[in-house]
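Everything below concerns the one structure shown next.
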Amino acid sequence: MSQPDTDVAGQATDRPVVLRNGTVLTMDDAHTVLPEADVLVVDGKIAAVGQQLEVPAGTREIDARGGVVMPGMIDTHRHMWQTAMRGYGADWTLTQYFVWYYLEHGKAFRPEDVYAGNLLSAWDAVEAGVTTTVDWSHGLQTVDHAEAAADALLAVPGRFLLAYGNIQAGPWEWATDPAVQAFLKRRQEEGKLGLQLAFDVTGDPAFPEKPAFEVARELGLPVTTHAGVWGATGDDGIRLMHENGFMTPETVYVHAATLTTDSYHRIAATGGSISVSTESEQSAGQGYPPTWQVRRHGIPVSLSMDTSVWWSSDLFSAMRSTLGADRSREHLEAHSRGQTVTQVHLRAEQVVDWATRGGAQALGRDDLGSLEPGKQGDVVLIKNDRSPVSFPLLNPYGHVAFQAQRGDVHTVLVGGRVVKHEHELVGADLAAVRRTVDATVEHLQSTLGPEAWAAGMNPALPDDDVLDNPYTYTEYKSHSTHGARGDVFGEPSLDQHTSH
Ligand SMILES: [Zn+2]
Numbered sequence: 006m007s008q009p010d011t012d013v014a015g016q017a018t019d020r021p022v023v024l025r026n027g028t029v030l031t032m033d034d035a036h037t038v039l040p041e042a043d044v045l046v047v048d049g050k051i052a053a054v055g056q057q058l059e060v061p062a063g064t065r066e067i068d069a070r071g072g073v074v075m076p077g078m079i080d081t082h083r084h085m086w087q088t089a090m091r092g093y094g095a096d097w098t099l100t101q102y103f104v105w106y107y108l109e110h111g112k113a114f115r116p117e118d119v120y121a122g123n124l125l126s127a128w129d130a131v132e133a134g135v136t137t138t139v140d141w142s143h144g145l146q147t148v149d150h151a152e153a154a155a156d157a158l159l160a161v162p163g164r165f166l167l168a169y170g171n172i173q174a175g176p177w178e179w180a181t182d183p184a185v186q187a188f189l190k191r192r193q194e195e196g197k198l199g200l201q202l203a204f205d206v207t208g209d210p211a212f213p214e215k216p217a218f219e220v221a222r223e224l225g226l227p228v229t230t231h232a233g234v235w236g237a238t239g240d241d242g243i244r245l246m247h248e249n250g251f252m253t254p255e256t257v258y259v260h261a262a263t264l265t266t267d268s269y270h271r272i273a274a275t276g277g278s279i280s281v282s283t284e285s286e287q288s289a290g291q292g293y294p295p296t297w298q299v300r301r302h303g304i305p306v307s308l309s310m311d312t313s314v315w316w317s318s319d320l321f322s323a324m325r326s327t328l329g330a331d332r333s334r335e336h337l338e339a340h341s342r343g344q345t346v347t348q349v350h351l352r353a354e355q356v357v358d359w360a361t362r363g364g365a366q367a368l369g370r371d372d373l374g375s376l377e378p379g380k381q382g383d384v385v386l387i388k389n390d391r392s393p394v395s396f397p398l399l400n401p402y403g404h405v406a407f408q409a410q411r412g413d414v415h416t417v418l419v420g421g422r423v424v425k426h427e428h429e430l431v432g433a434d435l436a437a438v439r440r441t442v443d444a445t446v447e448h449l450q451s452t453l454g455p456e457a458w459a460a461g462m463n464p465a466l467p468d469d470d471v472l473d474n475p476y477t478y479t480e481y482k483s484h485s486t487h488g489a490r491g492d493v494f495g496e497p498s499l500d501q502h503t504s505h
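The number in the working numbering is simply the position in the sequence shown, starting from 1, with 5 added.
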């Protein structure tokens, strides 16, 4: 039995919590899995993991029996400000995205609109068991926008990093702006938010992005960059970064899809990591999700969802789509050589690792990503007694990667604080979040007008050429001599039934 929720209305960090009798995926170095085990969190940190733990008096008990207990998941690349447009661009390619946000309407977002998107996205992440999220925040046209983005992240009890960016100006312009640097230094000193710089490297031989890298170095901030995006960024950008000494272990290369072996060698040699957004790469057109290639280079991988303007926002979807894309490619590559794959390389266990430890490694956070004494108390319980999908629980990694979904996230702890319990967020005023988001949607709808709004959501369909099918019946008569059906049905031309 759980004790009453007297301490969870926002400030639960001082009361210990124990999750009892779950299947515990520790994600330690050995990937130890413990059946019917407990995870005890005291003072915000993991205090013990094991069976039948003794716990301090007053510890809150959470029954994890029948469920999976795992580390909080980590998303290393999410444009959270775009969540106020959830689902709007479901049928976009990168072309529509660039036109809509970069060229036409990105400027319409006010600071309060960035706040609204971030607030919604932050609760959305926590609710799905994503306890750490990098806000790849490239809608920061002014420092007021940045303040709004940061304030929204700090209003929600998850871990967030603000990756500062601005698609309305060159990185050599905004990163060198004293007002931007003052903001970054102040937020750094506050110490409540992780910070990164977020910008892309076009491959222009003049390497105009160099001053932005220098600012990142001066401030001690990692750079996260969309690298290997078909038609936008590629090998030239990687080479320029490398030749100028800006490829470092904390650099995160998002997508890394349209790159050659030479670029993967440079990434591997300098210790950076790749953030794979499979749902994004599969439908936007950056290139093929690269996990099938990067394993040959030993490059560390983390997972990300990119943006909810198109796609889902939970890492179950990321794990599932990444397994599918990797295996699909492996089969097709083998088929092209006339071979059959008999054992797949990418395992469910590996994508669970990428969703947890992989993210921690990408962010240089040794204290996240596994359930071991001394680590942060970021814990997820996947358990849904009302769901027929919750049992039998035979292969815990396979269960997490292919069976579970965000609705099965029963409990989430961030730094020992219970932020979701029994499938309900704790202390979230979703009605207020909705009002904030509604105001943004109304603002954008009225700014764009009904025609531009509808056109943006519904890109024109390309022409489809349907092949003539040589096997279509065009004359029923000849066939009807074989039986009596012609007498029953008359003598229709069957092609109208078969040629849709
Ligand atoms: Zn992105």
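Positions of the beta carbon are idealized from the N, C-alpha and C atoms, including for glycine.
DSSP-derived helix/strand/coil call for residue i
| i | result |
| --- | --- |
| Val405 | helix |
| Lys425 | strand |
| Gln201 | strand |
| Pro216 | helix |
| Gly55 | strand |
| Leu30 | strand |
| Val23 | strand |
| Lys50 | strand |
| Pro227 | coil |
| Tyr258 | strand |
| Ala42 | strand |
| Ala289 | helix |
| Arg115 | coil |
| Pro76 | strand |
| Ser318 | coil |
| Arg91 | coil |
| Leu376 | coil |
Closer than 7 Å: residue i CB and nearest ligand 1 heavy atom
| i | result |
| --- | --- |
| Ala259 | The residue asked about is misnamed: residue 259 is Val in this sequence, not Ala. Flag set: Cβ of Val259 near ligand 1. |
| His426 | no |
| Trp235 | no |
| His150 | no |
| Trp3 | Outside the shown range of the chain, which is 6 to 505, sits residue 3, and nothing can be said about it. |
| Trp141 | yes |
| Asp80 | no |
| Asp473 | no |
| Asp311 | yes |
| His84 | yes |
| His247 | no |
| His302 | no |
| His350 | no |
| Ile231 | Residue 231 is actually His in this sequence, not Ile. Within the cutoff, so yes. |
Beta-carbon gap between residue i and residue j smaller than 8 Å
| i | j | result |
| --- | --- | --- |
| His260 | Ala217 | no |
| Pro378 | Ile79 | no |
| His84 | Leu453 | no |
| Val228 | Ala367 | no |
| His415 | His404 | no |
| His150 | Ile172 | no |
| Ser326 | Ile304 | no |
| Pro176 | Glu152 | no |
| Val74 | Val29 | yes |
| Leu320 | Ala360 | yes |
| Phe212 | Asn249 | yes |
| Leu145 | Gln201 | no |
| Thr230 | Thr253 | no |
| Gly421 | Met32 | no |
| Val281 | Leu245 | no |
Bridge-paired residues (DSSP) for residue i
| i | result |
| --- | --- |
| Tyr102 | Answer by DSSP bridge pairing: none, since Tyr102 is not bridged. |
| Trp141 | Ala168 |
| Thr265 | Answer is none; Thr265 lacks a bridge partner. |
| Pro397 | The partner list for Pro397 (beta bridge, DSSP) is empty, contrary to what the question assumes. |
| Ser278 | Val257 |
| Thr416 | Leu386 |
| Asp68 | Arg25 |
Inter-residue Cα distance where the pair is residue i and residue j
| i | j | result |
| --- | --- | --- |
| Leu499 | Tyr102 | Note that Leu499 scores a pLDDT of 49, beneath 50, so its modelled location is shaky and nothing firm can be said. |
| Ala273 | Leu198 | 28 Å |
| Asp468 | Asp96 | 15 Å |
| Ser395 | Tyr269 | 39 Å |
| Ala433 | Val419 | 14 Å |
| Ile387 | Leu472 | 48 Å |
| Gly363 | Val299 | 14 Å |
| Glu41 | Arg70 | 7 Å |
| Tyr478 | Val131 | 57 Å |
| Arg222 | Gln56 | 46 Å |
| Asp413 | Asn389 | 5 Å |
| Glu286 | His350 | 20 Å |
| Val220 | Ala133 | 34 Å |
Residue-chain proximity (residue i, chain B), Cβ-Cβ < 8 Å
| i | result |
| --- | --- |
| Pro397 | The structure shown contains no chain B, having only a single protein chain. |
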